[in-house]
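Heads up, the sequence shown is in the working numbering, so the first residue is 1268 and it goes up one at a time.
Backbone N, C-alpha and C fix where the C-beta goes; we use that ideal spot for every residue, glycine too.
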Amino acid sequence: MKPWSLWKTLNPVLCYLNLQKSIQSKILRFLKPEENDCPIMTINALSDLTKITNLTQESNETCCFPPTISDLLNDEDMLYTLQIKLDPCYPTVKNWRNFASKWGMSYDELCFLEQKQQSPTIGFLLRNSERTVDQLIDLCKLYKRVDVQKVLSKWVNVEWRLRLHNNFKSSV
């Protein structure tokens, strides 16, 4: 089992346990009887309950699986941007070929991707769709592709979180 796939399976479990401990402590604080032991909800108790709900939502959103390249493939605007940045072949700029060979694609596979009508960047991303976007960002750092790194980081921090938030709201 690859280390990142192990992380992918353990991450939700660890997040769930941390979330459970956090929620449990908040609920215990919430359920402590007040001095008058009256069953009426106070404004403080309601605000505490709201905080617990918000904490649960934030924890669920931030500790879920990190975005994978397959998630990235669902965003056409992002794909187009990556194609523009990684498809061109300049002798001094690291492109999709360098990324693909670093992740283990053979010379024959690289040549095959170049011959297809589809963008070679998309072919490379499809082949590595199970990897995380963070791994792709690390690859950008390795090859000093700050332009691609910034685009990917922005996508993870803005677009991906927004999608998670919207998906969470629609499921509730």
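Practice problem: Along the alpha helix (DSSP H) that carries residue 1374, what are the first and last residues, could you check? | Solution: 1374–1382
Practice problem: Just mark residue 1395 as buried or exposed, buried being the case when its beta carbon has 16 or more other beta carbons within 10 Å. | Solution: buried
Quiz prompt | Close-in-space but distant-in-sequence residues of the same chain around residue 1306 (CB under 7 Å, 5 per side omitted) | solution = In this prediction, residue 1306 has a pLDDT of 48, which is less than 50 and means its spatial position is unreliable; what the coordinates show is noted afterwards. Closer than 7 Å at the Cβ level, and outside the excluded window around residue 1306, lies no residue.
Quiz prompt | Close Cβ partners of residue 1408 (< 7 Å) along its chain, the five nearest in sequence each way excluded | solution = 1416
Quiz item: Would you call residue 1362 buried or exposed, if buried means 16 or more other Cβ atoms sit within 10 Å of its Cβ?
Solution: buried
Quiz item: Which residues mark the beginning and the end of the alpha helix (DSSP H) in which residue 1344 is found?
Solution: 1343–1353 is the extent of the alpha helix (DSSP H) around residue 1344.
Quiz prompt | Helix, strand or coil at residue 1359 according to DSSP, with G and I counted as helix | solution = coil
Quiz item: Assuming residue 1420 contacts residue 1404 under a Cβ cut-off of 8 Å, what Cβ separation, rounded to an integer in Å, is found between them?
Solution: The pair is a contact, with the Cβ atoms about 6 Å apart (cut-off 8 Å).
Self-check item: Spatially closest choice to residue 1388 from 1367, 1401, 1400, by CA coordinates
Solution: 1367
Practice problem: Just grab the DSSP bridge partners of residue 1444 for me. | Solution: Nothing can be reported for residue 1444: it is not among the residues displayed for the chain, which extend from 1268 to 1439.
Quiz item: Does DSSP put residue 1422 in a helix, in a strand, or in coil?
Solution: helix
Self-check item: Where the alpha helix (DSSP H) containing residue 1390 begins and where it ends
Solution: 1387–1394
Practice problem: For residue 1428, name the three-state secondary structure that DSSP assigns. | Solution: Residue 1428: helix per DSSP, three-state reduction.
Quiz item: Leaving out five residues before and five after residue 1347 in sequence, what residues of the same chain have Cβ atoms less than 7 Å from its Cβ?
Solution: none
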